[in-house]
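*Asks:*
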Amino acid sequence: MTPPDRFVCIHGHFYQPPRENPWLEEVEVQDSARPYHDWNARVTAECYAPNGASRLLDAEKRILEISNNYSRISFNVGPTLLAWLDGAAPETYGRIIEADRASRALRGGHGNALAQAYNHLILPLAARRDKETQVAWGIADFRRRFGRDPEGMWLPETAVDTETLEVLAARGIRFTILAPHQAARVRPPGGPQWIDVGRARIDPSRPYLCRLPSGASIALFFYDGPIARAVAFEGLLNSGEAFANRLIAGFRDDRRGAQIVHIATDGETYGHHHRFGEMALTHALRLIEERGQARLTNYGEFLALHPPDHEVQILEPTSWSCVHGVERWRSNCGCNMGRGGWNQEWRRPLRDTLDWLRDELVRVYEEQAGRDLRDPWVARDAYIDVILDRSPERLAAFFAAWGRAGAAGDPPRALRLLEMQRHALLMYTSDGWFFDELSGIETVQVIRYAARAIQLAETFGARLEDEFIRRLAAAKSNLPRWGSGAEVYRRAVRPSSVTLARVVAHYAISGLFEPDEAEARPASYTVRRLDVRREESGGHRLAAGLVAVASRVTEETRRAAFAALHLGGTDVQCGVLMDASPDWAAKAGAEIVASFLGKGPSEVVRALDESFKGSLYTLSDLFTEARRRILGRITEERLARFDGVYQNLYEESRPLIAFMRESEVPIPPAIRMAAEYTLIKELVDALGRASREPLPDRAFVIARELDSLDLTARVADHELLLRRAAETRADALRADPLGPDLDQAHRLLDLAAALGIAVNLWQVQNAYHAAAQSHRDLLRERAQGGPGPAAPAEAGRVAEFWRLGERLHFNLDSLRAPARVPG
């Protein structure tokens with residue numbers, strides 16, 4: 000029987016910094032995250048998704064159960080990460096939301112999810128007004144996603160001071176979680192004297208009441224430091240059993256009353272930092288439940304059952320990841336990632352520069368926003384409703400509530416001011432200071448947010464960029480090629496910036512290579528075709544006309560004329576004139592088209608230069624994703640000219656290759672290259688169609704030929720294609736577990752074996768498991784057969800279904816059993 004006074008709670012802080020290009024509102028490709036598109040996608044594949052469908056294995060490493068870890072641990076997910084998951088990984092997002100709902104049913108109405116201050120800035124270093132907005136936005140985001148008010152809130156880096164706790168308490172937050180070294184003194188119930196518990200000597204097995212100067216109070220939990228360190232840094236996740244044992248060992252017989260053994264770590268510990276850490280977590284949770292040594296709980300439930308009777312005072316300002324308080328986010332304190340020979344002197348001038356910019360942006364906002372908004376700072380707090388839902392209806396409701404009636408202002412003007420303030424908050428995201436180097440992607444990202452805020456301020460006459468760069472020059476890089484923050488700004492930040500003119504150029508150049516649309520939606524913009532003409536001549540392409548371009552964020556809308564010319568390869572030129580009249584656009588377009596059709600390329604280039612005053616865009620001005628896509632198309636077109644050459648060389652050389660192999664003579668590199676190019680191209684084409692067409696027998700012939708040439712290792716780069724096809728086939732089993740997709744799933748696994756490719760079957764297993772669970776009765780019925788000639792065939796199909804389960808490493812006895820309900 001589970002002891003009634005022993006509780007275990009594991010908290011995961013799941014977070015990634017906002018990575019969106021501030022102008023596009025999209026995460027662009029990050030090559031350092033390969034083979035994934037970006038770091039959000041990579042960490043999702045390694046951690047966030049696996050924790051929503053974690054494997055419990057038997058002694059033979061077969062899957063006994065797939066369970067949702069989020070439903071049995073306390074967790075918070077950063078609001079900006081949740082927003083990304085909602086759009087990019089909806090299945091994982093859904094499991095997170097569902098886990099909180101399920102936990103409320105198990106934990107007396109108290110959900111596992113905690114809120115988080117919005118974009119993970121260090122609250123003790125923030126102005127009071129920014130603290131208020133961060134907490135307000137975090138609560139509003141949580142309420143919209145989880146459908147309830149949060150009981151607790153995670154503080155970024157657990158960074159805390161009294162003012163931060165006052166803000167939390169004033170907003171109705173009941174508790175937060177801190178590291179043990181953040182406690183200064185405690186006072187037991189009825190005790191007149193405070194007891195020093197500095198240097199992490201606080202008893203972590205109970206909650207504490209922190210009374211605040213305002214008269215409010217908040218409950219604080221201080222997690223078990225040694226166990227948390229063992230999980231995060233000492234390899235405790237190498238064994239789920241060892242993890243469970245260590246948690247249970249945290250209870251002490253000499254403590255009176257209810258005890259909670261609880262830890263808090265980065266959620267990424269479970270799968271990203273420690274591969275298969277999510278499985279160790281699943282195993283530990285199961286062992287604790289099965290052994291009955293303690294009851295799993297969350298903080299809200301435990302607080303309701305056992306309110307704090309001890310008081311605590313905090314050590315401030317402190318955090319969990321800097322032994323110097325919060326200096327890691329403003330000085331060269333010595334906390335870093337361990338790169339020898341480097342320093343972090345750049346942290347101070349970076350923060351000072353952003354503080355200067357923040358104050359300048361406050362001045363602009365206070366001077367301008369009153370024209371459009373009632374109570375501009377309260378309106379900023381309410382702006383989260385628009386950030387979460389930019390529909391016309393939500394926007395209208397926001398301005399009905401906060402717009403100044405009868406004012407001369409307009410929504411786009413107010414939105415530019417509010418967006419300026421949003422980016423002024425995003426530029427303080429903590430990751431900008433956490434790592435070792437000024438030119439790192441996290442620091443570049445916060446400077447990008449600053450640049451976007453500067454650009455928006457310029458629309459109100461504020462000229463801040465030059466002074467910003469001058470101040471940023473005081474931040475020195477550890478890498479000579481970067482020099483200072485000024486160079487980082489010029490080379491890594493400024494090229495990312497986008498204007499409406501560049502959006503038009505992107506639309507125009509893209510249209511030379513891809514199908515034209517009456518209304519295109521590149522990133523966070525809309526381009527509507529008003530009058531566009533397209534021509535081709537002599538292998539060259541031209542587009543010219545008039546469009547309307549709008550930001551879907553600020554609602555700024557303008558008209559623009561353009562002309563774009565492609566002379567082959569990467570030779571592209573495009574002119575854009577904003578606010579052009581229809582007459583000017585028609586006249587200039589007609590002249591350029593006439594030159595294109597009658598005078599040749601050089602005259603067209605001259606006409607472009609004259610009409611658009613020499614300010615021309617090139618292929619380099621495309622947004623990153625489109626630029627890479629179009630460069631790939633240009634490359635494919637170039638290589639396609641040689642397809643026949645490679646194929647003929649390979650086909651004609653096949654007898655020679657066979658003889659050379661028999662004679663143990665090395666195959667010449669040119670012939671090997673032709674064989675590799677021809678065979679892999681054909682295989683990739685087949686895999687690209689395998690999601691919707693039967694896999695041809697030819698794919699297996701190619702596999703044998705590649706093997707005979709010792710070229711199968713070169714196919715591993717295309718694992719993702721094979722995986723996606725297998726995932727599509729497995730997903731179709733949810734609707735029809737015995738249909739033709741079952742055969743194709745088997746064939747894809749056969750091909751993977753023939754090629755020697757280790758396919759990541761995680762999502763395939765998830766889909767198969769869902770199909771087996773939802774069609775359990777049907778499968779049992781068909782397996783038993785019945786009257787009629789079709790019965791043996793149906794039983795055979797069921798056998799094939801379960802054989803696929805064996806190939807996917809399932810324990811079939813467990814899979815056929817009724818689903819287990821977690822307790």
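The sequence shown maps to residues 0 to 822 in numbering that gives the first Met the number 0. Built from N, CA and C at the ideal position, the CB exists for glycine as well. Please read these numbers as outputs of a predicted model, since none were measured by experiment.
#1: Check whether the Cβ of residue 127 lies closer than 8 Å to any Cβ atom in chain B.
#2: If we call anything under 8 Å between Cβ atoms a contact, is residue 269 one with residue 51?
#3: What is the DSSP secondary structure of residue 540, reduced to helix, strand or coil?
#4: Going along the chain, which residues of its own chain have a beta-carbon closer than 7 Å to the beta-carbon of residue 407, five neighbours each way excluded?
#5: If we ignore side chains and look at the alpha-carbon of each, how far apart do residue 259 and residue 89 end up?
#6: Relative to the alpha-carbon of residue 16, which residue among 723, 26 and 368 has its alpha-carbon at the smallest distance?
#7: Go ahead and label residue 49 buried or exposed: buried means 16 or more other beta carbons lie within 10 angstroms of its beta carbon, across all protein chains shown.
#8: As an exercise, report each continuous beta strand (DSSP E) stretch of at least 3 residues that is fully enclosed by the segment 50-111, in chain order.
#9: What separation, rounded to the nearest whole angstrom, lies between the Cα atoms of residue 570 and residue 534?
#10: Let's test the definition: count the other Cβ atoms within 10 Å of the Cβ of residue 651 and tell me whether it reaches 16, buried, or not, exposed.
#11: Only counting the same chain, and skipping five residues up and downstream in sequence, which positions put a Cβ closer than 7 Å to that of residue 376?
#12: Please determine if the segment 65-75 and the segment 98-115 are in contact, where contact requires at least 3 C-beta pairs separated by less than 8 Å.
#13: Indicate whether residue 218 and residue 155 have their beta-carbon atoms separated by less than 8 Å.
#14: Can you give the beta carbon distance from residue 729 to residue 767, rounded, assuming they're within the 8 Å contact cut?
#15: Are the segment 491-500 and the segment 357-370 in contact at 8 Å, needing three or more beta carbon pairs?
#16: So, is residue 598 buried or exposed, given that buried needs 16 or more other C-beta atoms within 10 angstroms?
#17: Can you say whether residue 322 is buried or exposed, counting buried as having 16 or more other CB atoms within 10 angstroms of its CB?
#18: Kindly confirm or deny that the segment 427-447 and the segment 472-492 touch, where touching means at least three C-beta pairs closer than 8 Å.
#19: Within 10 angstroms of the Cβ of residue 509, are there 16 or more other Cβ atoms? Answer buried if so, exposed if not.
#20: Assuming the contact rule is C-beta atoms closer than 8 Å, residue 798 and residue 763 should be a hit. Round their C-beta distance to whole Å, please.
#21: Roughly how many angstroms lie between the CA atoms of residue 464 and residue 250, to the nearest whole one?
#22: For residue 665, which residues of its own chain have a beta-carbon under 8 Å away from its beta-carbon, when the five flanking residues on both sides are left out?
#23: Thinking C-alpha only, which one of 122, 221, 585 and 708 is nearest residue 264?
#24: Assign residue 293 to buried or exposed, taking buried as 16 or more other Cβ atoms, counted over all protein chains shown, within 10 Å of its Cβ.
#25: Suppose contacts are defined by Cβ-Cβ distances below 8 Å. Is residue 723 in contact with residue 759 by that definition?
#26: Would you mind working out which of 125, 810, 782 and 555 sits nearest residue 351, comparing C-alpha positions?
#27: Short check: CB of residue 295 to CB of residue 243, under 8 Å?
#28: Please classify residue 18: is it buried, with 16 or more other beta-carbons within 10 angstroms of its beta-carbon, or exposed?
#29: Please tell me whether residue 107 and residue 366 are closer than 8 Å, where the distance is taken between their beta carbons.
#30: Look at the alpha carbon of residue 425 and the alpha carbon of residue 77, and state the distance between them as a whole number of angstroms.
#31: Check each candidate in 458, 628 and 313 and name the one with the smallest Cα separation from residue 512.
#32: DSSP three-state label for residue 616, please.
#33: Using only the alpha-carbon positions, how far apart do residue 229 and residue 236 sit?
#34: Would you mind giving the Cβ-Cβ distance between residue 503 and residue 549, rounded to the nearest angstrom? I have them listed as a contact below 8 Å.
#35: May I ask you to report which of helix, strand or coil DSSP gives residue 269?
#36: For residue 363, I'd like the list of residues in its chain whose CB is within less than 6 Å of its CB, leaving aside the five on either flank, ordered along the chain.
*Replies:* So, to answer that:
#1: No chain B appears in this structure, which consists of one protein chain only.
#2: no
#3: strand
#4: Reliability of the predicted coordinates at residue 407 is poor, the pLDDT of 47 falling under 50, and no value is obtained from them.
#5: 34 Å
#6: Closest by alpha carbon: 26.
#7: buried
#8: 53-56, 62-66 and 73-76
#9: 17 Å
#10: exposed
#11: 128
#12: yes
#13: no
#14: 5 Å
#15: no
#16: exposed
#17: Exposed, because fewer than 16 other Cβ atoms sit within 10 Å of the Cβ of residue 322.
#18: yes
#19: buried
#20: Not a contact, Cβ separation roughly 19 Å.
#21: 57 Å
#22: Cβ-Cβ distances below 8 Å link residue 665 to 659 in the same chain, with the five nearest sequence neighbours on each side left out; the list follows chain order.
#23: 221
#24: buried
#25: no
#26: Ranking 125, 810, 782 and 555 by Cα distance to residue 351 puts 125 first.
#27: For residue 295 and residue 243, no; Cβs fall outside 8 Å.
#28: buried
#29: no
#30: 13 Å
#31: 628
#32: DSSP places residue 616 in strand when its eight states are reduced to three.
#33: 8 Å
#34: That belief does not hold up - the Cβ atoms of residue 503 and residue 549 are roughly 11 Å apart, past 8 Å.
#35: strand
#36: 456, 459 and 461, listed in sequence order.
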